[in-house]
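K.L.:
Quick note on numbering: full-length UniProt numbering labels position 271 of the sequence shown as 271, and the sequence is numbered without any gaps. Ideal Cβ positions, reconstructed from N, Cα and C, are used throughout, including at glycine.
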Amino acid sequence: MKMVSAAKYNKAERDLRGARVYGVGALQFYNNIGAAEPTDKPQEEILTSKEKEKRLLVLITSDRGLCGSVHTAIAKEAKRLLTEKASEADYKLVLIGDKAKASMQILHASHVLFSCNEIGRLPPTFEDASIIAAKILSSDFKFDKGFILYNKFRSVVSYKTSIIPMFTLDAIVKQPTMSLYDSIDENVLVDYANFSLAQLLYYALKESAASEQSSRMTAMDSASKNAGEMIDKLTMSFNRTRQSDMEETNNNQAGFDPRHVIQMEEAANILMSPNVSHDARKAAEEFFLNIRNEKFPPEYCRLIIEATSNEFVIFEMVQLIVMNLFKQWSILEPPIFRQCFEYLLENAIKKFRISKLIRAEMLRACAKLLKRSIFDDKACDANTLDQTVHYLLTNEDPQLQAIACEFIEAIASEFATSWRTSNLGISFDFHLRARRSFEVLFLFIYLRKKKFFSQ
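1) Report the option in E265, E361, D376 and D377 whose CA atom is closest to the CA atom of E414.
2) Does A402 come out as helix, strand or coil in the three-state DSSP assignment?
3) Ignore the nearest five residues each way along the sequence and tell me which others in V322's own chain have a CB closer than 6 Å to its CB.
4) Could you check whether the stretch 106 to 126 touches the stretch 90 to 98, counting it as contact only if at least three pairs of C-beta atoms, one from each stretch, sit closer than 8 Å?
5) How about the stretch 197 to 204 and the stretch 158 to 173: do they share at least three Cβ pairs that are nearer than 8 Å?
6) Which of the three DSSP states, helix, strand or coil, is assigned to T218?
7) Looking at the strands, I want to know which residues DSSP matches up with L149.
8) Note down the Cα distance separating F312 from D377, rounded to an integer number of angstroms.
9) Do Y150 and S62 have their C-beta atoms within less than 8 Å of each other?
10) Give me the residue from V157, T161, C67 and L59 with the minimum Cα distance to F114.
11) Return the CA-CA distance between F126 and S237, expressed in angstroms with no decimal places.
12) So, are the CB atoms of S437 and I374 less than 8 Å apart?
13) Return the chain-ordered list of same chain residues with a C-beta closer than 7 Å to the C-beta of R242, the five sequence neighbours on each side being excluded.
14) Starting from C301 and walking both ways along the beta strand (DSSP E), at which residues does that stretch end?
15) Suppose the cutoff is 6 Å on Cβ atoms and the five residues either side in sequence are ignored; what does the same chain contact list for F54 look like?
16) Taking buried to mean at least 16 other C-beta atoms within 10 Å of its own C-beta, is Q213 buried or exposed?
17) Taking the alpha-carbon positions, what's the F172 to G146 distance?
18) Taking all protein chains shown into account, do 16 or more other C-beta atoms lie within 10 angstroms of the C-beta of H431, making it buried, or fewer, making it exposed?
19) Between the C-alpha atoms of A410 and V276, what's the straight-line distance to the nearest angstrom?
20) Looking only at its own chain, which residues have a Cβ that is under 6 Å from the Cβ of A73, when we skip the five neighbours before and after it?
21) Spell out a yes or no on whether the stretch 152 to 160 and the stretch 183 to 194 are touching, meaning 3 or more CB-CB pairs, one atom from each, closer than 8 Å.
22) Whole alpha helix (DSSP H) runs in the stretch 304 to 350 with 4 or more residues, listed along the chain?
23) Between the alpha carbons of T83 and D15, how many angstroms are there, rounded?
24) Quick one: what's V156 bridged to in DSSP?
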(Lines of atoms letter the chains of each structure in order from A and count residues from 1; the text may use other names and numbers.)
(Lines give C-alpha, C1' and ligand atoms only; values in the text may rest on other atoms or scores of the structure.)
Protein backbone atom coordinates (compact mmCIF):
# COMPACT_ATOMS: atom_id res chain seq x y z
CA MET A 1 0.00 0.00 0.00
CA LYS A 2 2.82 2.36 0.83
CA MET A 3 4.56 1.72 -2.52
CA VAL A 4 1.38 2.37 -4.50
CA SER A 5 0.70 5.57 -2.56
CA ALA A 6 4.29 6.72 -3.06
CA ALA A 7 4.02 6.24 -6.84
CA LYS A 8 0.76 8.20 -6.98
CA TYR A 9 2.26 10.95 -4.81
CA ASN A 10 5.26 11.33 -7.12
CA LYS A 11 2.96 11.74 -10.11
CA ALA A 12 0.74 14.26 -8.28
CA GLU A 13 3.78 16.33 -7.29
CA ARG A 14 5.06 16.39 -10.89
CA ASP A 15 1.66 17.46 -12.16
CA LEU A 16 1.48 20.20 -9.54
CA ARG A 17 4.67 21.85 -10.80
CA GLY A 18 3.08 22.37 -14.20
CA ALA A 19 -0.29 23.42 -12.81
CA ARG A 20 1.00 26.12 -10.48
CA VAL A 21 1.58 28.53 -13.36
CA TYR A 22 -2.18 28.57 -13.97
CA GLY A 23 -2.99 29.73 -10.46
CA VAL A 24 0.01 32.00 -9.99
CA GLY A 25 -0.56 33.68 -13.38
CA ALA A 26 -4.23 34.42 -12.73
CA LEU A 27 -3.57 35.71 -9.21
CA GLN A 28 -0.75 37.92 -10.47
CA PHE A 29 -3.08 39.61 -12.97
CA TYR A 30 -5.69 40.31 -10.31
CA ASN A 31 -3.01 41.63 -7.98
CA ASN A 32 -1.82 44.01 -10.71
CA ILE A 33 -5.28 45.53 -11.18
CA GLY A 34 -5.91 45.61 -7.42
CA ALA A 35 -8.81 43.14 -7.43
CA ALA A 36 -7.08 40.46 -5.39
CA GLU A 37 -6.77 40.70 -1.64
CA PRO A 38 -3.23 41.01 -0.27
CA THR A 39 -1.84 37.54 0.34
CA ASP A 40 -0.56 38.43 3.80
CA LYS A 41 -4.07 39.14 5.14
CA PRO A 42 -5.59 36.52 7.43
CA GLN A 43 -8.56 34.51 6.21
CA GLU A 44 -10.93 36.26 8.64
CA GLU A 45 -10.03 39.63 7.20
CA ILE A 46 -10.42 38.42 3.61
CA LEU A 47 -13.88 37.04 4.35
CA THR A 48 -15.06 40.07 6.36
CA SER A 49 -17.30 42.70 4.77
CA LYS A 50 -19.25 45.60 6.22
CA GLU A 51 -22.40 44.79 4.24
CA LYS A 52 -24.25 41.49 4.10
CA GLU A 53 -23.63 40.07 0.67
CA LYS A 54 -23.91 36.87 -1.31
CA ARG A 55 -20.87 34.63 -1.17
CA LEU A 56 -19.93 31.39 -2.85
CA LEU A 57 -17.66 28.92 -1.10
CA VAL A 58 -16.13 26.08 -3.15
CA LEU A 59 -14.87 23.13 -1.08
CA ILE A 60 -12.17 21.02 -2.75
CA THR A 61 -12.01 17.40 -1.53
CA SER A 62 -12.26 14.03 -3.31
CA ASP A 63 -14.21 10.75 -3.21
CA ARG A 64 -11.44 8.74 -1.57
CA GLY A 65 -10.45 8.39 2.08
CA LEU A 66 -7.60 6.77 4.04
CA CYS A 67 -5.59 9.99 3.86
CA GLY A 68 -5.58 11.34 7.37
CA SER A 69 -7.39 14.59 8.18
CA VAL A 70 -7.05 16.22 4.74
CA HIS A 71 -10.77 16.26 3.97
CA THR A 72 -11.77 16.79 7.59
CA ALA A 73 -9.75 20.03 7.71
CA ILE A 74 -11.69 21.43 4.73
CA ALA A 75 -15.06 20.55 6.24
CA LYS A 76 -14.06 21.88 9.65
CA GLU A 77 -12.95 25.23 8.22
CA ALA A 78 -16.12 25.54 6.12
CA LYS A 79 -18.36 24.84 9.13
CA ARG A 80 -16.48 27.44 11.15
CA LEU A 81 -16.98 30.08 8.47
CA LEU A 82 -20.67 29.29 8.11
CA THR A 83 -21.14 29.54 11.87
CA GLU A 84 -19.07 32.64 12.61
CA LYS A 85 -19.78 34.64 9.44
CA ALA A 86 -23.47 33.79 9.05
CA SER A 87 -24.53 37.31 10.07
CA GLU A 88 -22.26 38.97 7.52
CA ALA A 89 -23.23 37.13 4.32
CA ASP A 90 -25.53 34.57 2.73
CA TYR A 91 -23.39 31.59 1.78
CA LYS A 92 -23.85 29.00 -0.91
CA LEU A 93 -21.63 25.93 -1.12
CA VAL A 94 -20.21 24.06 -4.07
CA LEU A 95 -19.07 20.65 -2.82
CA ILE A 96 -16.32 19.00 -4.86
CA GLY A 97 -15.93 15.33 -3.88
CA ASP A 98 -18.02 12.89 -1.85
CA LYS A 99 -16.10 13.67 1.34
CA ALA A 100 -17.24 17.31 1.32
CA LYS A 101 -20.78 16.18 0.48
CA ALA A 102 -20.85 13.68 3.35
CA SER A 103 -19.59 16.28 5.83
CA MET A 104 -21.79 19.24 4.81
CA GLN A 105 -24.97 17.77 3.30
CA ILE A 106 -26.71 16.89 6.56
CA LEU A 107 -26.37 20.05 8.66
CA HIS A 108 -25.95 22.57 5.85
CA ALA A 109 -28.12 21.17 3.07
CA SER A 110 -29.89 24.51 2.59
CA HIS A 111 -26.57 26.18 1.72
CA VAL A 112 -25.55 23.64 -0.95
CA LEU A 113 -25.75 25.00 -4.50
CA PHE A 114 -24.60 21.77 -6.16
CA SER A 115 -22.08 18.97 -5.64
CA CYS A 116 -19.69 17.04 -7.89
CA ASN A 117 -18.35 13.52 -7.47
CA GLU A 118 -15.96 11.16 -9.27
CA ILE A 119 -13.14 13.36 -8.00
CA GLY A 120 -9.85 11.83 -6.84
CA ARG A 121 -10.13 8.45 -8.52
CA LEU A 122 -8.08 9.82 -11.42
CA PRO A 123 -5.70 12.82 -11.48
CA PRO A 124 -7.70 16.06 -11.98
CA THR A 125 -7.57 17.62 -15.44
CA PHE A 126 -8.26 21.10 -16.81
CA GLU A 127 -11.41 19.67 -18.38
CA ASP A 128 -12.71 18.78 -14.91
CA ALA A 129 -12.05 22.31 -13.70
CA SER A 130 -13.73 23.75 -16.82
CA ILE A 131 -16.88 21.67 -16.21
CA ILE A 132 -17.08 22.88 -12.60
CA ALA A 133 -16.49 26.51 -13.66
CA ALA A 134 -19.17 26.30 -16.37
CA LYS A 135 -21.66 24.89 -13.85
CA ILE A 136 -20.92 27.73 -11.42
CA LEU A 137 -21.33 30.39 -14.12
CA SER A 138 -24.54 28.86 -15.45
CA SER A 139 -26.17 28.63 -12.02
CA ASP A 140 -28.84 31.10 -10.93
CA PHE A 141 -26.79 32.21 -7.93
CA LYS A 142 -25.10 35.58 -8.58
CA PHE A 143 -22.49 36.04 -5.90
CA ASP A 144 -20.68 39.18 -4.83
CA LYS A 145 -17.60 37.34 -3.62
CA GLY A 146 -16.40 33.80 -4.09
CA PHE A 147 -13.74 31.75 -2.39
CA ILE A 148 -12.08 28.40 -3.05
CA LEU A 149 -11.25 26.43 0.10
CA TYR A 150 -8.47 23.90 -0.59
CA ASN A 151 -5.35 22.29 0.90
CA LYS A 152 -2.12 23.94 -0.24
CA PHE A 153 0.73 21.48 -0.61
CA ARG A 154 3.91 22.37 1.29
CA SER A 155 5.94 19.18 1.66
CA VAL A 156 5.55 15.43 2.02
CA VAL A 157 4.46 15.79 5.64
CA SER A 158 2.86 19.24 5.56
CA TYR A 159 -0.07 21.05 3.96
CA LYS A 160 -2.12 24.14 4.83
CA THR A 161 -5.85 24.73 4.48
CA SER A 162 -6.01 27.94 2.42
CA ILE A 163 -8.44 30.20 0.58
CA ILE A 164 -8.25 31.63 -2.95
CA PRO A 165 -10.65 34.46 -3.89
CA MET A 166 -12.73 34.14 -7.06
CA PHE A 167 -13.38 37.26 -9.13
CA THR A 168 -16.62 38.22 -10.82
CA LEU A 169 -16.81 40.33 -13.96
CA ASP A 170 -18.19 43.32 -12.00
CA ALA A 171 -15.27 43.19 -9.58
CA ILE A 172 -12.80 43.29 -12.47
CA VAL A 173 -14.51 46.13 -14.35
CA LYS A 174 -14.77 48.34 -11.27
CA GLN A 175 -11.01 48.37 -10.70
CA PRO A 176 -9.59 51.82 -11.61
CA THR A 177 -6.33 50.36 -12.93
CA MET A 178 -8.18 48.55 -15.72
CA SER A 179 -7.95 51.76 -17.73
CA LEU A 180 -4.21 51.10 -18.13
CA TYR A 181 -5.04 48.24 -20.50
CA ASP A 182 -5.85 49.35 -24.06
CA SER A 183 -8.28 47.75 -26.50
CA ILE A 184 -10.07 45.54 -23.97
CA ASP A 185 -13.75 45.26 -24.70
CA GLU A 186 -16.39 43.58 -22.61
CA ASN A 187 -16.28 40.27 -24.53
CA VAL A 188 -12.58 39.89 -23.83
CA LEU A 189 -13.12 40.53 -20.12
CA VAL A 190 -15.99 38.03 -19.99
CA ASP A 191 -13.90 35.36 -21.69
CA TYR A 192 -10.92 35.99 -19.44
CA ALA A 193 -13.03 36.01 -16.26
CA ASN A 194 -14.53 32.65 -17.21
CA PHE A 195 -11.17 31.19 -18.20
CA SER A 196 -9.42 32.45 -15.07
CA LEU A 197 -12.10 30.82 -12.89
CA ALA A 198 -11.25 27.46 -14.50
CA GLN A 199 -7.55 28.26 -14.01
CA LEU A 200 -7.98 28.84 -10.28
CA LEU A 201 -10.13 25.72 -9.85
CA TYR A 202 -7.58 23.63 -11.74
CA TYR A 203 -4.78 25.00 -9.57
CA ALA A 204 -6.74 24.29 -6.36
CA LEU A 205 -7.60 20.75 -7.54
CA LYS A 206 -3.94 19.98 -8.23
CA GLU A 207 -2.80 21.41 -4.89
CA SER A 208 -5.43 19.38 -3.05
CA ALA A 209 -4.55 16.23 -5.00
CA ALA A 210 -0.86 16.53 -4.07
CA SER A 211 -1.76 17.19 -0.42
CA GLU A 212 -4.11 14.19 -0.40
CA GLN A 213 -1.57 11.80 -1.94
CA SER A 214 1.21 12.89 0.42
CA SER A 215 -1.09 12.45 3.41
CA ARG A 216 -2.24 9.05 2.12
CA MET A 217 1.36 7.92 1.66
CA THR A 218 2.08 8.86 5.29
CA ALA A 219 -1.09 7.08 6.45
CA MET A 220 -0.23 3.92 4.48
CA ASP A 221 3.28 3.95 5.91
CA SER A 222 1.82 4.00 9.42
CA ALA A 223 -0.68 1.28 8.46
CA SER A 224 2.10 -0.95 7.10
CA LYS A 225 4.12 -0.53 10.31
CA ASN A 226 1.08 -1.29 12.47
CA ALA A 227 0.24 -4.37 10.38
CA GLY A 228 3.83 -5.61 10.70
CA GLU A 229 3.73 -5.18 14.47
CA MET A 230 0.38 -7.00 14.64
CA ILE A 231 1.74 -9.91 12.57
CA ASP A 232 4.75 -10.17 14.88
CA LYS A 233 2.53 -10.22 17.96
CA LEU A 234 0.19 -12.83 16.47
CA THR A 235 3.14 -14.99 15.44
CA MET A 236 4.56 -14.79 18.95
CA SER A 237 1.16 -15.65 20.44
CA PHE A 238 0.77 -18.61 18.05
CA ASN A 239 4.19 -20.00 18.91
CA ARG A 240 3.56 -19.66 22.65
CA THR A 241 0.17 -21.39 22.35
CA ARG A 242 1.68 -24.15 20.27
CA GLN A 243 4.47 -24.69 22.79
CA SER A 244 1.98 -24.70 25.65
CA ASP A 245 -0.20 -27.32 23.93
CA MET A 246 2.83 -29.49 23.20
CA GLU A 247 3.90 -29.34 26.83
CA GLU A 248 0.34 -30.14 27.92
CA THR A 249 0.31 -33.10 25.53
CA ASN A 250 3.54 -34.48 26.93
CA ASN A 251 2.32 -34.02 30.50
CA ASN A 252 -0.95 -35.85 29.78
CA GLN A 253 0.85 -38.72 28.08
CA ALA A 254 3.16 -39.09 31.03
CA GLY A 255 0.28 -38.88 33.52
CA PHE A 256 -1.98 -41.70 32.32
CA ASP A 257 -4.06 -42.99 35.22
CA PRO A 258 -5.82 -46.42 34.97
CA ARG A 259 -8.38 -45.19 37.51
CA HIS A 260 -9.62 -42.79 34.87
CA VAL A 261 -10.53 -45.76 32.69
CA ILE A 262 -12.43 -47.34 35.56
CA GLN A 263 -14.44 -44.13 36.08
CA MET A 264 -15.31 -44.04 32.35
CA GLU A 265 -16.44 -47.66 32.37
CA GLU A 266 -18.65 -47.07 35.42
CA ALA A 267 -20.24 -44.00 33.80
CA ALA A 268 -20.73 -45.93 30.54
CA ASN A 269 -22.40 -48.83 32.36
CA ILE A 270 -24.80 -46.38 33.99
CA LEU A 271 -25.73 -44.89 30.63
CA MET A 272 -26.17 -48.30 29.02
CA SER A 273 -28.24 -49.72 31.89
CA PRO A 274 -32.03 -49.18 31.74
CA ASN A 275 -32.59 -49.43 35.52
CA VAL A 276 -30.80 -46.34 36.91
CA SER A 277 -32.04 -43.20 38.58
CA HIS A 278 -32.43 -39.93 36.72
CA ASP A 279 -29.75 -38.23 38.83
CA ALA A 280 -27.24 -41.02 38.21
CA ARG A 281 -27.83 -40.91 34.47
CA LYS A 282 -27.51 -37.12 34.45
CA ALA A 283 -24.25 -37.30 36.40
CA ALA A 284 -22.85 -39.88 33.94
CA GLU A 285 -23.80 -37.69 30.96
CA GLU A 286 -22.10 -34.66 32.55
CA PHE A 287 -19.01 -36.80 33.17
CA PHE A 288 -18.62 -37.58 29.45
CA LEU A 289 -19.45 -33.99 28.49
CA ASN A 290 -16.61 -32.81 30.71
CA ILE A 291 -14.29 -35.32 29.05
CA ARG A 292 -15.19 -33.88 25.62
CA ASN A 293 -14.30 -30.38 26.84
CA GLU A 294 -10.89 -31.47 28.11
CA LYS A 295 -7.89 -31.40 25.76
CA PHE A 296 -7.02 -35.09 25.81
CA PRO A 297 -4.12 -35.71 23.43
CA PRO A 298 -4.58 -38.49 20.84
CA GLU A 299 -1.98 -40.69 22.53
CA TYR A 300 -3.90 -40.52 25.81
CA CYS A 301 -7.14 -41.55 24.04
CA ARG A 302 -5.32 -44.46 22.38
CA LEU A 303 -4.07 -45.66 25.77
CA ILE A 304 -7.65 -45.62 27.07
CA ILE A 305 -8.86 -47.62 24.04
CA GLU A 306 -6.15 -50.24 24.66
CA ALA A 307 -6.97 -50.41 28.37
CA THR A 308 -10.74 -51.01 28.07
CA SER A 309 -13.17 -53.38 26.42
CA ASN A 310 -16.22 -51.18 27.03
CA GLU A 311 -17.61 -50.31 23.61
CA PHE A 312 -19.23 -47.07 24.76
CA VAL A 313 -15.88 -45.81 26.08
CA ILE A 314 -14.11 -46.86 22.87
CA PHE A 315 -16.79 -45.12 20.81
CA GLU A 316 -16.34 -41.88 22.80
CA MET A 317 -12.55 -42.02 22.56
CA VAL A 318 -12.63 -42.49 18.78
CA GLN A 319 -14.81 -39.40 18.43
CA LEU A 320 -12.62 -37.50 20.89
CA ILE A 321 -9.48 -38.30 18.86
CA VAL A 322 -11.02 -36.80 15.72
CA MET A 323 -12.42 -33.79 17.57
CA ASN A 324 -9.11 -32.87 19.22
CA LEU A 325 -7.12 -33.44 16.02
CA PHE A 326 -9.44 -31.05 14.18
CA LYS A 327 -9.11 -28.42 16.91
CA GLN A 328 -5.31 -28.59 16.83
CA TRP A 329 -4.85 -29.17 13.12
CA SER A 330 -2.45 -26.25 12.62
CA ILE A 331 -0.58 -26.87 15.88
CA LEU A 332 0.28 -30.58 16.02
CA GLU A 333 3.02 -32.11 13.91
CA PRO A 334 2.08 -34.16 10.78
CA PRO A 335 3.31 -37.52 12.18
CA ILE A 336 0.68 -37.37 14.92
CA PHE A 337 -2.16 -37.22 12.36
CA ARG A 338 -0.70 -40.07 10.32
CA GLN A 339 -0.21 -42.23 13.42
CA CYS A 340 -3.81 -41.71 14.51
CA PHE A 341 -5.15 -42.46 11.02
CA GLU A 342 -3.12 -45.66 10.78
CA TYR A 343 -4.07 -46.67 14.32
CA LEU A 344 -7.82 -46.31 13.72
CA LEU A 345 -7.67 -48.00 10.32
CA GLU A 346 -5.54 -50.88 11.64
CA ASN A 347 -7.93 -51.48 14.55
CA ALA A 348 -10.91 -51.46 12.20
CA ILE A 349 -9.22 -53.99 9.90
CA LYS A 350 -7.38 -56.38 12.21
CA LYS A 351 -9.55 -56.50 15.32
CA PHE A 352 -12.40 -58.78 14.24
CA ARG A 353 -13.83 -59.03 17.75
CA ILE A 354 -14.95 -55.41 17.91
CA SER A 355 -18.58 -54.77 17.15
CA LYS A 356 -19.84 -53.55 13.81
CA LEU A 357 -20.79 -50.21 15.39
CA ILE A 358 -17.23 -49.54 16.64
CA ARG A 359 -15.70 -50.60 13.32
CA ALA A 360 -18.06 -48.28 11.41
CA GLU A 361 -17.18 -45.39 13.72
CA MET A 362 -13.44 -46.00 13.27
CA LEU A 363 -13.87 -46.05 9.48
CA ARG A 364 -15.92 -42.85 9.63
CA ALA A 365 -13.17 -41.27 11.73
CA CYS A 366 -10.59 -42.23 9.09
CA ALA A 367 -12.82 -40.72 6.38
CA LYS A 368 -13.10 -37.46 8.33
CA LEU A 369 -9.32 -37.25 8.75
CA LEU A 370 -8.88 -38.03 5.06
CA LYS A 371 -11.25 -35.22 4.09
CA ARG A 372 -9.57 -32.70 6.40
CA SER A 373 -6.10 -33.59 5.07
CA ILE A 374 -6.99 -33.69 1.40
CA PHE A 375 -5.00 -30.50 0.72
CA ASP A 376 -2.02 -31.01 3.06
CA ASP A 377 -1.75 -34.86 3.23
CA LYS A 378 -1.20 -34.77 7.00
CA ALA A 379 -3.22 -37.91 7.73
CA CYS A 380 -3.08 -39.84 4.45
CA ASP A 381 -2.04 -39.28 0.84
CA ALA A 382 -3.58 -40.65 -2.35
CA ASN A 383 -0.98 -43.38 -2.91
CA THR A 384 -1.32 -44.81 0.61
CA LEU A 385 -5.09 -44.84 0.32
CA ASP A 386 -4.90 -46.56 -3.06
CA GLN A 387 -2.59 -49.28 -1.74
CA THR A 388 -4.76 -49.87 1.33
CA VAL A 389 -8.01 -50.20 -0.61
CA HIS A 390 -6.35 -52.38 -3.23
CA TYR A 391 -4.96 -54.72 -0.53
CA LEU A 392 -8.35 -55.11 1.12
CA LEU A 393 -10.27 -55.67 -2.11
CA THR A 394 -7.84 -58.24 -3.55
CA ASN A 395 -7.49 -60.18 -0.28
CA GLU A 396 -8.96 -63.68 -0.23
CA ASP A 397 -10.59 -63.11 3.15
CA PRO A 398 -14.23 -62.07 2.49
CA GLN A 399 -14.35 -60.21 5.80
CA LEU A 400 -11.53 -57.89 4.69
CA GLN A 401 -13.30 -57.35 1.39
CA ALA A 402 -16.43 -56.35 3.30
CA ILE A 403 -14.38 -53.93 5.42
CA ALA A 404 -12.97 -52.41 2.23
CA CYS A 405 -16.47 -51.79 0.94
CA GLU A 406 -17.48 -50.24 4.26
CA PHE A 407 -14.41 -48.00 4.14
CA ILE A 408 -15.18 -46.85 0.59
CA GLU A 409 -18.79 -46.20 1.60
CA ALA A 410 -17.64 -44.12 4.60
CA ILE A 411 -15.31 -42.05 2.40
CA ALA A 412 -17.98 -41.47 -0.24
CA SER A 413 -20.55 -40.52 2.40
CA GLU A 414 -18.12 -38.11 4.08
CA PHE A 415 -17.21 -36.28 0.87
CA ALA A 416 -20.80 -36.20 -0.36
CA THR A 417 -22.21 -34.25 2.59
CA SER A 418 -21.12 -31.20 4.55
CA TRP A 419 -23.13 -31.63 7.77
CA ARG A 420 -21.07 -34.55 9.11
CA THR A 421 -17.98 -32.41 9.76
CA SER A 422 -19.60 -28.99 10.15
CA ASN A 423 -19.54 -29.32 13.94
CA LEU A 424 -15.79 -29.99 13.76
CA GLY A 425 -14.96 -26.62 12.19
CA ILE A 426 -15.03 -27.49 8.47
CA SER A 427 -16.77 -24.73 6.53
CA PHE A 428 -19.08 -25.25 3.58
CA ASP A 429 -16.52 -23.64 1.26
CA PHE A 430 -13.87 -26.15 2.41
CA HIS A 431 -16.34 -28.98 1.82
CA LEU A 432 -16.97 -27.86 -1.77
CA ARG A 433 -13.25 -27.58 -2.55
CA ALA A 434 -12.56 -30.94 -0.91
CA ARG A 435 -15.37 -32.58 -2.85
CA ARG A 436 -14.02 -31.29 -6.17
CA SER A 437 -10.52 -32.48 -5.30
CA PHE A 438 -11.88 -35.86 -4.22
CA GLU A 439 -13.69 -36.30 -7.52
CA VAL A 440 -10.40 -35.74 -9.37
CA LEU A 441 -7.87 -37.53 -7.14
CA PHE A 442 -9.80 -40.47 -5.71
CA LEU A 443 -12.02 -41.52 -8.59
CA PHE A 444 -9.78 -44.53 -9.08
CA ILE A 445 -11.18 -46.06 -5.85
CA TYR A 446 -14.61 -46.49 -7.39
CA LEU A 447 -13.13 -47.68 -10.69
CA ARG A 448 -11.04 -50.27 -8.86
CA LYS A 449 -14.07 -51.43 -6.89
CA LYS A 450 -16.17 -51.76 -10.06
CA LYS A 451 -13.42 -53.64 -11.86
CA PHE A 452 -12.89 -56.01 -8.92
CA PHE A 453 -16.53 -57.00 -8.62
CA SER A 454 -16.93 -57.35 -12.38
CA GLN A 455 -14.15 -59.96 -12.30
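P.N.:
This is what the structure gives:
1) E361
2) helix
3) A365 and K368
4) yes
5) yes
6) helix
7) L59 and I163
8) 30 Å
9) no
10) L59
11) 53 Å
12) yes
13) I331
14) It is not in any beta strand (DSSP E) - C301 instead sits in the alpha helix (DSSP H) that spans P298 to A307.
15) For clarity, residue 54 is Lys in the given sequence; the question names Phe instead. Correct list, in chain order: D90, F143 and D144.
16) buried
17) It is Ile, not Phe, that sits at residue 172 in the sequence shown. If you take the alpha carbons of I172 and G146, they lie about 13 Å apart.
18) buried
19) 35 Å
20) T161
21) no
22) 311 to 327 and 334 to 350
23) 35 Å
24) BP columns for V156 are empty, so no partner.
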